[in-house]
Every structure is written in C-alpha cells, then in structure tokens.
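Residue numbers (our numbering), protein chains in the order written: chain A, 1 to 219; chain B, 1 to 219.
2 protein chains.
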Amino acid sequence: MEDLGPYAAEKSGSRRSNVERREEILGVALSVLTERGYRGASTREIARRAHASKETLYAWFGDKHGLFEELVRWQAECIGAAVEPRLEPGAEEPSEVLRAFAVELQRLLLGDRAVVINRAAISEAPSDPSFAKVLSAQGRGSIVPKLVRYLEGERDRGRLDFEQAETAVDVLIGLVIGDQQVRRLLGVLPMPEPEQIEARAERAVESFLALFGRDNPTC
Amino acid sequence: MEDLGPYAAEKSGSRRSNVERREEILGVALSVLTERGYRGASTREIARRAHASKETLYAWFGDKHGLFEELVRWQAECIGAAVEPRLEPGAEEPSEVLRAFAVELQRLLLGDRAVVINRAAISEAPSDPSFAKVLSAQGRGSIVPKLVRYLEGERDRGRLDFEQAETAVDVLIGLVIGDQQVRRLLGVLPMPEPEQIEARAERAVESFLALFGRDNPTC
DNA sequence: GTAGCACCGTACCCATCGGTACGGCTTGCG
DNA sequence: CGCAAGCCGTACCGATGGGTACGGTGCTAC
Numbered sequence: 001m002e003d004l005g006p007y008a009a010e011k012s013g014s015r016r017s018n019v020e021r022r023e024e025i026l027g028v029a030l031s032v033l034t035e036r037g038y039r040g041a042s043t044r045e046i047a048r049r050a051h052a053s054k055e056t057l058y059a060w061f062g063d064k065h066g067l068f069e070e071l072v073r074w075q076a077e078c079i080g081a082a083v084e085p086r087l088e089p090g091a092e093e094p095s096e097v098l099r100a101f102a103v104e105l106q107r108l109l110l111g112d113r114a115v116v117i118n119r120a121a122i123s124e125a126p127s128d129p130s131f132a133k134v135l136s137a138q139g140r141g142s143i144v145p146k147l148v149r150y151l152e153g154e155r156d157r158g159r160l161d162f163e164q165a166e167t168a169v170d171v172l173i174g175l176v177i178g179d180q181q182v183r184r185l186l187g188v189l190p191m192p193e194p195e196q197i198e199a200r201a202e203r204a205v206e207s208f209l210a211l212f213g214r215d216n217p218t219c
Numbered sequence: 001m002e003d004l005g006p007y008a009a010e011k012s013g014s015r016r017s018n019v020e021r022r023e024e025i026l027g028v029a030l031s032v033l034t035e036r037g038y039r040g041a042s043t044r045e046i047a048r049r050a051h052a053s054k055e056t057l058y059a060w061f062g063d064k065h066g067l068f069e070e071l072v073r074w075q076a077e078c079i080g081a082a083v084e085p086r087l088e089p090g091a092e093e094p095s096e097v098l099r100a101f102a103v104e105l106q107r108l109l110l111g112d113r114a115v116v117i118n119r120a121a122i123s124e125a126p127s128d129p130s131f132a133k134v135l136s137a138q139g140r141g142s143i144v145p146k147l148v149r150y151l152e153g154e155r156d157r158g159r160l161d162f163e164q165a166e167t168a169v170d171v172l173i174g175l176v177i178g179d180q181q182v183r184r185l186l187g188v189l190p191m192p193e194p195e196q197i198e199a200r201a202e203r204a205v206e207s208f209l210a211l212f213g214r215d216n217p218t219c
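1. How is GLY27/A classed by DSSP in three states: helix, strand or coil?
2. Which residues, taken in chain order from the segment 30-62 of chain A, show a beta carbon closer than 9 angstroms to some beta carbon of chain B?
3. Who are LEU160/A's beta bridge partners in DSSP?
4. If you pair each beta-carbon of the segment 189-202 of chain B with each one of the segment 85-105 of chain B, do three or more pairs fall below 8 angstroms?
5. Under 7 angstroms between beta-carbons, which chain B residues line up against ASP170/A? List them in chain order, please.
6. Would you mind telling me which residues of chain A sit closer than 9 angstroms to LYS231/B, beta carbon to beta carbon, in chain order?
7. Give the interface partners of LEU175/A over in chain B, defined as CB-CB distance under 8 angstroms, in chain order.
8. Roughly how many whole angstroms lie between the Cα atoms of GLY80/A and VAL144/B?
9. Assign GLN181/A to buried or exposed, taking buried as 16 or more other Cβ atoms, counted over all protein chains shown, within 10 Å of its Cβ.
10. Consult DSSP for GLY90/B and reduce its assignment to one of helix, strand or coil.
11. Compute the distance between the beta-carbons of VAL97/B and ARG86/B, then report whether it is under 8 angstroms.
12. At the 8 angstroms Cβ level, is ARG183/A part of the contact set with chain B, yes or no?
13. Measure the alpha-carbon distance for GLY213/A versus PHE162/A and round it to whole angstroms.
14. When the cut-off is 8 angstroms and only beta carbons count, does SER127/B lie next to chain A?
15. Taking 8 angstroms as the cut-off, decide whether the C-beta atoms of SER136/A and GLY37/B are in contact.
16. For the alpha helix (DSSP H) that ALA121/A lies in, which residues bound it at each end?
17. State the Cα-Cα distance for the pair ALA125/A and GLY90/B, rounded to the nearest angstrom.
18. Would you say ALA121/A reaches chain B, if we count a Cβ-Cβ gap shorter than 8 angstroms as a contact?
19. Rounded to whole angstroms, what's the CA-CA distance from VAL116/B to ARG159/A? Just pull it up for me.
Following this line, the structure appears as structure tokens:
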C-alpha cells in the first residue's frame, strides 16, 4: 500500500479533519463518475466541484487510477460488510435468514453506487483489470464463502438438502438477482421499489427451498 | 435508416465486393474494441489496422458512434436469430427444447463478441444510452416474448405448470445465466468450456422443471 | 509576529482524440 | 488514352485529457 495521506499524516495534529475532506472528495468523484463514466470523469471537473486543486488531488491519490481505486475498494467493502451479519446460522428459520439476505443482496448489487462502480470496472476491464479484480474479490469472493458456510451449517442441522454447496449458492444468486444487474448496468432497468425487492426475495427463497429444502412443501 | 454504402451504392456494378470490405472493417473495429474498450478504440487505429483511410471510414459510417452502432446491431440480431429456431413447441419434450435453448443462450451471452459489445454499451450508458437500448431491445426484448409464448404453449399442453409466464422466464434465465454474465463482463471468468455449458444447462433445466414441471419428479 | 505549511485557483505542457482536407495512386470505362 | 471516381496515407485543426508548476492565501506553531 503505497497510499498516503497528506505529507504529515497525523504528526502535527492536522488542524482539520482531513479524513472528512478525503471522503468529501471521494463523494464528488463518485457523482462525477455517475454522470460521465470513468473515461469521461476528468480530474479537472472533480477538482473544480470539490473546490480542491488538482495538485492536492494528485498528492493524495497519486493519479486518476489511484483515486478511483479508493472508490472501488470502499464500495467493495460495503458489500462484504453489510451482508455478513445477516447470515448467522441457527436461531431463525432458513427461510427468514435467506429472505433477509436476498433483500440485502438486491439492495447492494442494484443500488446506484454499485451500478456506477461496476460500470467503471467493466469499461476498464479490457485495458486494466485491476478495478474488476478488487471488486470481484471483495464482493463475490467474500460473500460466497460465508454463504457456503451458512448453507452447510443448515444442511448439517438437517434443514437443507444438497450435495454441492457451491451449486446451491449459484442457484440462489441466480434466483435472487437474475439478469437484473446486467439490465441495471445497461441503464434499461430502474432501481426496483422496496416492495418489488421484497417480492422477488420472497419468490426466490421459496423456489430455492422448493429445490433444496428438506421439507418439500409440494408433497 | 440514414445509412448508406459508398456514394454509388450498386448503380455501376461496384467493382469489388464492398459489402465484404465493410465486414472487414467492422471486424477490425471489433478487435480494437476488444482490446481497448469503446473510448480507447480510436478511429485512427481502426483505420490503420484495416488499411483504410479515416475519410473512407467517416464517409461510410458517418462517425464513430455510427460505426459501433453497426456492430451493436449486428450482434443483437445474431442473438435474436440464433435462439429463435430452438423454441419450436410441440414435438420434443420441454426438457430437451429447454436444454438446447439454455446451451445456446449461454453460448451467445457469454461469448467474446457479446461480452465486448455489452461492455461498450455499459460504459457508454451514462452519457449515451443508445447502444444499451438497441442491445436490450434486440436481445432480451426479442427473446423473452418467444420464450413466453413457448412456455405458455407447453402449459396449455399440460406439460408445464405456472401462473405468470414472465416469472417463469425470469427463473429460467436466472438459473441458466446466473451471475456468469457479469463475471464475464468484469473479466474474472473465462469462457466456460462446452462441457461446462452443457452441465449447467442440464442442471438449470432440471431445477426449472422441478419448479414448474407438471410431473414432479421428487414425489 | 512571523515563519512555514498545506492548500486553492490558474495557467501551462504534451499527447491524443474526433473529424476534415488534400495529394497521389489505382481502377473501371468510354 | 484520358477522365473521373474511389480510396489510401498523411497532415492538419480545435478540443480535451492527465499530470505538473507557480503565485497567492489563510491557518498553525513557535
């Protein structure tokens, strides 16, 4: 991590909260990214709208790539963090746990921030796969293992039935997200309303349990 | 369609196959797009590698946007055309028809051409949604109705059971594609091998029929 | 009070982009 | 043979990009 704050990190008390300023700049970068895409988001415009100088911007983040890598990392961490606590096994019924998970997963993957960041990663993937790597590692790479562990735990409890946990995870994600994410990325699908998210989560989990639940409800 | 060939379309016999030349240029444009993305694909490089002049290029396609719109349209038509004949209802079992459909859908949506074109549409979506519109209309917009019609036909024959055909379509697509497409777009998933595609198609259709087939195999 | 530091705003450098113009070459045709 | 059309290669234009340099300003520390 060659990253650095301003020159004097915190040695001399840093008269103002420069971490706050940092987030402010990142927020501006995010909105410019939203409007113009990665290539169209110029450092000039970011600096101007953040009332910062380009020099400061480059001193803090190294270059344009470094600035947006910060954004990607931030978003990726959000996904991993927000989904984790919903996957506690044991107490509640799998239907309830999975429903909450399905709602949260949709909110995160289909939300504006995720869409914008994923667009940037995808558009830069041919020439520079680093955004995509980070996003994928912190996103799917952190969620799937937790989900696998949870599902296997419930299987051991006798509440689920499957052979390959990875396959079950694939099915669950497919049922919950479907092609919504791609359509969001293309800009042809608006963010679903909360009740639509709930309905889809309900339906997805119902199907999932019909396939992998131990108590087949149709018999 | 404001499109045009060279000035004399075919009036004077067009000494060489200029449609062939056109496809040659589009092929070069596609490979440059593959390597550099939409913004990074300069008309200079396309002209140079196609041994064409920029002037010719602009005379034929109008501008950069027009050139790539041709590509998008071409790819979109391929998807719609290739999937259609596999959805003939009646003779064969739904499991067989859907399996073939699932294989073809994966081949088309996960193939290199589709990935590259979708990347371009996604990266330009914030500032110019026209690529995404075309891609979505010709792709999903043409497949889903056919699929709906097929599924409803089989339901009327008593071989499937569901209420909302659109929901069933959603489930099917989710099971077949899952998040493979997004991971392909991010560049973190290689094109699956044919046997992997077959296996996934098999599994997806099996699950689909477990949910919507009339003959529940688990009872 | 004053020296120094971080920062802002602006101007600047150089590369590249989309799009256009031009000279020269090939080719089909009368 | 000569003409005209189509096209290639190169050069050019204005605009904009990432990245750097510099003078001015306010705040902190001593």
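The C-beta atom is built at its ideal place from N, Cα and C for all residues, glycine as well.
According to the data block:
1. One-based indexing of the first sequence puts residue 27/A at position 27. Residue state, collapsed to three classes: helix.
2. Sequence-ordered contacts of the segment 30-62 of chain A with chain B read LEU33, THR34, GLU35, ARG36, GLY37, TYR38, ARG39 and GLY40 [C-beta pairs closer than 9 angstroms].
3. As a working note, residue 160/A is residue 160 in the first sequence. Partner(s): GLY213/A.
4. At 8 angstroms Cβ cutoff, the stretches touch.
5. Reading the first sequence from its first residue, position 170 is the one you call residue 170/A. Per Cβ cutoff of 7 angstroms: GLY178.
6. With chain B represented from 1 up to 219, any question about residue 231/B goes unanswered, as that position is not in the structure.
7. Your numbering for residue 175/A matches position 175 in the first sequence. By Cβ distance, chain B contributes VAL171, GLY174 and LEU175.
8. Indexing the first sequence from 1 puts residue 80/A at position 80. Indexing the second sequence from 1 puts residue 144/B at position 144. Going by the C-alpha atoms only, they are around 33 angstroms apart.
9. Taking the first residue of the first sequence as 1, we reach residue 181/A at position 181. Under the 10 Å beta carbon count, GLN181/A is surrounded by 16 or more other beta carbons and is classified as buried.
10. By 1-based counting over the second sequence, the position of residue 90/B is 90. Three-state DSSP puts GLY90/B in coil, outside helix and strand.
11. In the second sequence, counting from the first residue as 1, residue 97/B sits at position 97. In the second sequence, counting from the first residue as 1, residue 86/B sits at position 86. Going by C-beta atoms, VAL97/B is nearer than 8 angstroms to ARG86/B.
12. Locating residue 183/A in the first sequence gives position 183, counting from the first residue. Yes, ARG183/A lies at the interface with chain B (some Cβ there is under 8 angstroms from its Cβ).
13. Here residue 213/A corresponds to residue number 213 of the first sequence, with the count starting at 1. Here residue 162/A corresponds to residue number 162 of the first sequence, with the count starting at 1. Linking GLY213/A to PHE162/A through their CA atoms gives a straight-line distance of about 8 angstroms.
14. As a working mapping, residue 127/B is identified with position 127 in the second sequence. It does; some Cβ of chain A falls within 8 angstroms.
15. As a first step, residue 136/A must be located in the first sequence, where it is residue number 136. As a first step, residue 37/B must be located in the second sequence, where it is residue number 37. Note that the C-beta distance between SER136/A and GLY37/B is not below 8 angstroms.
16. Residue 121/A sits at position 121 when you count from the first residue of the first sequence. Segment 112-124, the alpha helix (DSSP H) holding ALA121/A.
17. Within the first sequence, residue 125/A is the residue found at index 125, counting from 1. Within the second sequence, residue 90/B is the residue found at index 90, counting from 1. About 43 angstroms.
18. Residue numbering aside, residue 121/A sits at position 121 when the first sequence is read from its first letter. At a cut-off of 8 angstroms between beta carbons, ALA121/A contacts chain B.
19. As a position in the second sequence, residue 116/B is number 116, starting the count at 1. As a position in the first sequence, residue 159/A is number 159, starting the count at 1. Rounded to the nearest angstrom, the two C-alpha atoms are 42 angstroms apart.
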